[in-house]
Amino acid sequence: MRESHANKSISFLMELIFVLFFFTLASAVCVLVLGTAKDKNNLAADTRNALQYGENLVAQRKIPQVQQAMQKKIFYLDENGNRSSSQAGYYRVEIEQKKAVEKSGRALCELCIYRDDKELVRLPFLLEGGVQK
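Numbering (numbering that gives the first Met the number 0), first residue to last: 0 to 132.
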């Protein structure tokens, strides 16, 4: 009689351990999925903001202050899209001249916006005078 009771206890204990292991594994997978979703959401928000800031820069390229900033190869923007004077900026903006200055005085350039060395946006545009070396 005692052997039967001991076997039932061991069987119950094994089932309990299996159930706990299963739920621990399931919760770990859920945490992993939520973490990945949060990272992708942050990347999407950064990309959306960077695209908006890049489009604004390209649209305002005829304003003298913006044109002067865009003639530099690299400059920085803060989280709100305003120019930042240091490398501590939230976004790094690189402008690369793709074709030489034409007779019209404009050059084909590309504006690339990076966040943590990850390219978010690449926009082609024409720039008066090209990029200064």
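The beta-carbon is built from N, C-alpha and C at its ideal position, and this holds for glycine as well.
Exercise. When DSSP labels each residue in this structure, what does glutamate 57 get in the three-state scheme?
Worked result: Before going further, note that residue 57 is valine rather than glutamate in the sequence given. Helix at valine 57.
Exercise. Just the Cα atoms here: how many angstroms apart are alanine 99 and lysine 37?
Worked result: 42 Å
Exercise. How should aspartate 116 be labelled, buried or exposed, when 16 other C-beta atoms within 10 angstroms of its C-beta is the threshold for buried?
Worked result: exposed
For this session: Apply the 10 Å Cβ neighbour rule to arginine 121 and answer buried if 16 or more other Cβ atoms are within range, or exposed otherwise.
Result: exposed
For this session: Please name the residue, chosen from Lys102, Glu101, Leu119, Glu95, that lies closest to glutamate 109 on a Cα-to-Cα basis.
Result: Comparing Cα positions, the closest option is Glu95.
Exercise. By Cβ distance, which residues of its chain are closer than 8 Å to arginine 114, with the 5 residues on each side in sequence left out?
Worked result: The beta carbon of arginine 114 is closer than 8 Å to those of Asp45, Ala49, Tyr89, Tyr90, Arg91 in its chain, skipping five residues each way along the sequence.
Exercise. CA-CA distance, glycine 53 and threonine 23?
Worked result: 45 Å
For this session: Consult DSSP for valine 100 and reduce its assignment to one of helix, strand or coil.
Result: Note: valine 100 maps to coil in three-state DSSP.
For this session: Starting from the C-beta of asparagine 41, find all residues in its chain whose C-beta is less than 6 Å away, skip the five residues before and the five after it, and write them out in chain order.
Result: none
Problem set entry | Endpoints, alpha helix (DSSP H) assigned at alanine 68 | 63 to 69
Exercise. When you compare only the Cα positions, how much space is there between serine 83 and lysine 71?
Worked result: So the alpha carbons of these two residues sit roughly 14 Å apart.
Exercise. Do arginine 105 and leucine 119 have their CB atoms nearer than 8 Å?
Worked result: no
Problem set entry | Closest by C-alpha distance to leucine 56, when choosing among Thr35, Val18, Glu93 | Of the listed residues, the one whose Cα sits closest to leucine 56 is Glu93.
Exercise. If you draw a straight line from the C-alpha of glutamine 59 to the C-alpha of methionine 69, how long is it?
Worked result: So the two alpha carbons sit approximately 10 Å from each other.
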